[in-house]
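Same order as they appear, the protein sequences are chains X and S. Just so you know, we're using the working numbering here: the first sequence kicks off at 27 and counts up by one. Just so you know, we're using the working numbering here: the second sequence kicks off at 27 and counts up by one. In this text, a Cβ means the ideal position worked out from N, Cα and C, and glycines have one as well.
There are 2 protein chains.
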Amino acid sequence: MATQPLRLVVVDDHEMVLEGLKAVLARFRGRVRVVGEAVSADLAEPLVATLDPDVVLADVRLRGSVSGLDLCRRLVEAKPDRRVVLLSAYDDEQYLYQALRAGAAGYLLKWIEGATLVGQLESAMQGETVVDPTMAGRAAVSAARLQAGEFWPGAHLSLTQRESEVLGYLVSGLSNRAIAGRLMLGEETVKSHVRAIFRKLDVGDRASAVAFALREGIFR
Amino acid sequence: MATQPLRLVVVDDHEMVLEGLKAVLARFRGRVRVVGEAVSADLAEPLVATLDPDVVLADVRLRGSVSGLDLCRRLVEAKPDRRVVLLSAYDDEQYLYQALRAGAAGYLLKWIEGATLVGQLESAMQGETVVDPTMAGRAAVSAARLQAGEFWPGAHLSLTQRESEVLGYLVSGLSNRAIAGRLMLGEETVKSHVRAIFRKLDVGDRASAVAFALREGIFR
DNA sequence: TATCTCGTCCCCCGCGCGGGGGGACGGATG
DNA sequence: CATCCGTCCCCCCGCGCGGGGGACGAGATA
Chain X
27 MATQPLRLVV VDDHEMVLEG LKAVLARFRG RVRVVGEAVS ADLAEPLVAT LDPDVVLADV
87 RLRGSVSGLD LCRRLVEAKP DRRVVLLSAY DDEQYLYQAL RAGAAGYLLK WIEGATLVGQ
147 LESAMQGETV VDPTMAGRAA VSAARLQAGE FWPGAHLSLT QRESEVLGYL VSGLSNRAIA
207 GRLMLGEETV KSHVRAIFRK LDVGDRASAV AFALREGIFR
Chain S
27 MATQPLRLVV VDDHEMVLEG LKAVLARFRG RVRVVGEAVS ADLAEPLVAT LDPDVVLADV
87 RLRGSVSGLD LCRRLVEAKP DRRVVLLSAY DDEQYLYQAL RAGAAGYLLK WIEGATLVGQ
147 LESAMQGETV VDPTMAGRAA VSAARLQAGE FWPGAHLSLT QRESEVLGYL VSGLSNRAIA
207 GRLMLGEETV KSHVRAIFRK LDVGDRASAV AFALREGIFR
């Protein structure tokens, strides 16, 4: 049963990856057609609005102020049934969940094979939520633990704006007092924020918080 | 003056990037020819040995035990005039210097444009050491500071085996006492190592050390 | 031989950090 | 209305961390 090829818009700030995607997808011409491409979130938004593709495939890390995650949020907000599949270099569970909470229709890894990618995109178009095969197993285990009522740190990732800001300074290696100086706050206030961050990230010290932030790709 | 096209071997574990490179380079068919490709360092080594290309273009981060940096070291060790250009996603100075110390003929960033890439590869073949244009400025500043005799942390990156091990545990967020337990050492010994790490990395606390390690890609 | 680095371990000291408590205010949400 | 949450500030306290010093043996290098 030959249907129309899936209309796809790809978003990536790396020419390399963009070309790579197109080269890989060209091998599946009958099933996928790249109808548009963008190198930044700002360019992607109007493009998606006018082209209205079946699926948007975007890198989670776009240079510039707007990340792929933000782009996903905006696109879904503009059109709730918009299918956005995020492409990432990190096989990290927390990142995956951030993507899904942002309304993504899927989270795939960059070293996915062409045939698998096409299949996942088709599934995403049909309303399925796709997760990279190499991560599906771990995600299932986590879900099982969740249903069993176990504590799950990732669920508490809702850092407030202020807390994210403070976390940024933690990553920079600043002391509480130094952060207070930069933010024009009392040192005790900063300590409150830091404690809140530790609780939400389920860590016990700054070093672990920094490790978490950098691994999740929240900063840098 | 039309010369023979540059014979290139590309090494990257991401199908995406590999295809992207080939697609981009295909636009410069007369100047560059991809004569071989490999998806891992292990496969790349014999390939380079048999094909003996003008230039090897390899990702610094290859999955598996052997990184692109290691691959570079081995290739240069096997043939000292081997031209290996490393491709990285990180515009970090320290990483650049690691690459050059590993004997790389160049360090380019993945978001480089096709035309620039080809030019740089040609320069690398002719014996030049090429650095991504966006990093060249910063590198020059550092070099100037070096000549002025200023202290420079990057030069002291030679962590001993034990220190690297301890740094790994710092990234994991362990306390000095906990590290001592895992390594079967006294706490004071661990503190000595930690102090040495701080000196060499030019940081003042664990959080900054973790940030440094993760940003350099030393761990994870 | 002497010298050096590395790894191990010890002393002292000050202070920043992390954890516990509490409370005030404004805005959103019910 | 009452309730929650984010923001901000304060108290106390213990201990781990960071910085200084030095000692000793093993092994490599000159």
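Check: Proximal residues to S:R232 (C-beta, below 8 Å), its chain only, five neighbours per side dropped; Outcome: L196 and V220
Check: Cβ separation of X:M111 and X:L147, assumed to be a contact under 8 Å, to the nearest whole Å; Outcome: A small fix is needed here, since residue 111 of chain X is Val in this sequence, not Met. 6 Å between Cβ atoms; contact.
Check: Best match in S:T155, S:M151, S:A237 and S:E154 for proximity to S:L193 [C-alpha to C-alpha]; Outcome: S:A237
Check: N-terminal and C-terminal residue of the beta strand (DSSP E) that X:S114 is part of; Outcome: V110 to S114
Check: S:V58 - partner residues in DSSP beta bridges; Outcome: S:L32
Check: Near-chain S residues of the stretch 39 to 69 of chain X - C-beta to any C-beta below 8 Å; Outcome: D39, H40, E41, M42, V43, L44, E45, G46, L47, K48, A49 and V50
Check: Sub-8 Å separation of X:L97 and X:A70 beta-carbons; Outcome: yes
Check: Interface positions of the stretch 214 to 232 of chain S facing chain X (Cβ-Cβ less than 8 Å), listed along the chain; Outcome: V229, G230, D231 and R232
Check: Residues that DSSP places opposite S:D85 in a beta bridge; Outcome: S:L113
Check: Under the three-state DSSP convention, the category S:E139 falls into; Outcome: coil
Check: C-alpha distance - X:S168 paired with S:T76, whole-angstrom precision; Outcome: Because the pLDDT at X:S168 is just 43, under 50, the model does not fix this residue reliably, and the value given afterwards should be weighed accordingly. Roughly 47 Å separates the two Cα atoms.
Check: Inter-residue Cα distance where the pair is S:E189 and S:A128; Outcome: 20 Å
Check: Rounded straight-line distance, which links the Cα of S:D39 to that of X:R100; Outcome: 32 Å
Check: Where X:G199 falls: helix, strand or coil (DSSP); Outcome: coil
Check: Under 7 Å by beta carbon: chain X residues contacting S:S234; Outcome: G199
Check: Chain-order list of residues whose beta-carbon lies under 7 Å from that of S:G230 (same chain, five-residue window excluded); Outcome: F224
Check: Residues that S:A237 contacts on chain X, provided the C-beta gap is smaller than 8 Å; Outcome: V197, S198, G199, V236 and L240
Check: Which of helix, strand or coil DSSP assigns to X:L134; Outcome: strand
Check: Under the three-state DSSP convention, the category X:E63 falls into; Outcome: strand
Check: CB contact check: S:E139 to chain X, cutoff 8 Å; Outcome: yes
Check: S:V74 - partner residues in DSSP beta bridges; Outcome: Partner(s): none; S:V74 has no beta bridge.
Check: Inter-residue spacing [alpha-carbon to alpha-carbon] between X:I137 and S:A141; Outcome: One detail in the question is off: residue 137 of chain X reads as Trp in this sequence, not Ile. Distance between the alpha carbons of X:W137 and S:A141: 25 Å.
Check: Whole-angstrom distance between X:A222 and X:R55, CA atom to CA atom; Outcome: 50 Å
Check: Nearest to S:G94 (by Cα), restricted to the options S:A206, S:D78, S:S149 and S:L122; Outcome: S:L122
Check: Residue-chain proximity (S:K105, chain X), Cβ-Cβ < 8 Å; Outcome: no
Check: Length of the line joining the Cα atoms of S:E139 and S:R57; Outcome: 15 Å
Check: Status (buried if at least 16 other CB within 10 Å, exposed otherwise) for X:D158; Outcome: buried
Check: C-beta atoms of S:A84 and S:V37 nearer than 8 Å; Outcome: yes
Check: For S:Q187 and S:L211, the rounded distance between their alpha carbons; Outcome: 15 Å
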